[in-house]
Amino acid sequence: MLIFSNFPITQSSNNNNNTSSLIYKTCKASSEQDPNISFDFCITSLKPAATKHRHGDTSLRRLGLMTIYLIRHNMSSTRHHIKKLQRKKGPGDPFVKLCLTDCLELYSDAIPMVKQARKDYKAGRYADANSKISSVMDDCSTCEEGFEEKEGVVSPLTNRNHNAFELSAIALSIINML
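Numbering follows full-length UniProt numbering, in which position 177 of the sequence shown is assigned residue number 177; successive positions increment by one, without gaps.
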């Protein structure tokens, strides 16, 4: 009887070890193949997601899906943050306000793109998902580059743009591994 009651704990422990190993191997391969992917960022992004979305043993395919969910969450959060920045009172730099408006449009367009990428991915249409995630990466870069057009302007979205870009790079790396 004691053996049976310990089995689920052992199984859960094995699943955690398998998931951690998969994340480590995936992040290692991704960061070695793509200079846009930091091993540490990959690990710190995927481990909590795998813990939160626990469905038994995590496969590479499921890890890719989790990464797409992370992209969507990041995009939605950044869109909300942009709106918050736009509501701030005060004169502010008109150029920055214009850039924020452009970024809001880019992120607003990217969110449905990520949703469709998720559908394509789940249906096994990896080339379509790849194309959409690549487009999302371009949107992140375009947003950030807008602020760089005027000397001395600092983007208030640099970290968020970088995180969305890097999560997208991780998703593309996983898609290419499938």
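We put the CB at the ideal spot given by N, CA and C, even for glycine.
Determine the direct distance from the alpha carbon of residue j to that of residue i, and round the result to whole angstroms.
i	j	result
M177	K89	47 Å
N18	S59	9 Å
Q86	V96	10 Å
T158	K150	15 Å
S76	T101	15 Å
I64	K28	Before going further, note that residue 64 is Gly rather than Ile in the sequence given. Cα-Cα distance, rounded: 15 Å.
C99	I111	18 Å
A50	M66	7 Å
L22	P91	50 Å
P48	G146	32 Å
Y107	S20	31 Å
D128	R61	15 Å
For residue i, collect the residues of the same chain with a Cβ closer than 7 Å to its Cβ; drop the 5 residues on either side in sequence, then sort them by chain order.
i	result
F41	E166
How close, in whole Å, do the beta carbons of residue i and residue j come, if the pair is a contact with beta carbons under 8 Å?
i	j	result
V153	D93	7 Å
R72	K122	Contact doesn't hold; Cβ gap of about 13 Å is too wide.
residue 183	I170	For residue 183 there is no data in the structure shown, the boundaries of the chain being 1 and 178.
Within this structure, are the beta carbons of residue i and residue j separated by less than 8 Å?
i	j	result
S135	M113	yes
Q33	S173	yes
R79	L104	yes
N74	N130	no
L70	S38	no
Near residue i, which residues of its chain fall below 8 Å by C-beta distance, leaving aside the five closest residues on each side in sequence?
i	result
H81	L157 and R160
K132	M113, V114, Q116, A117 and D120
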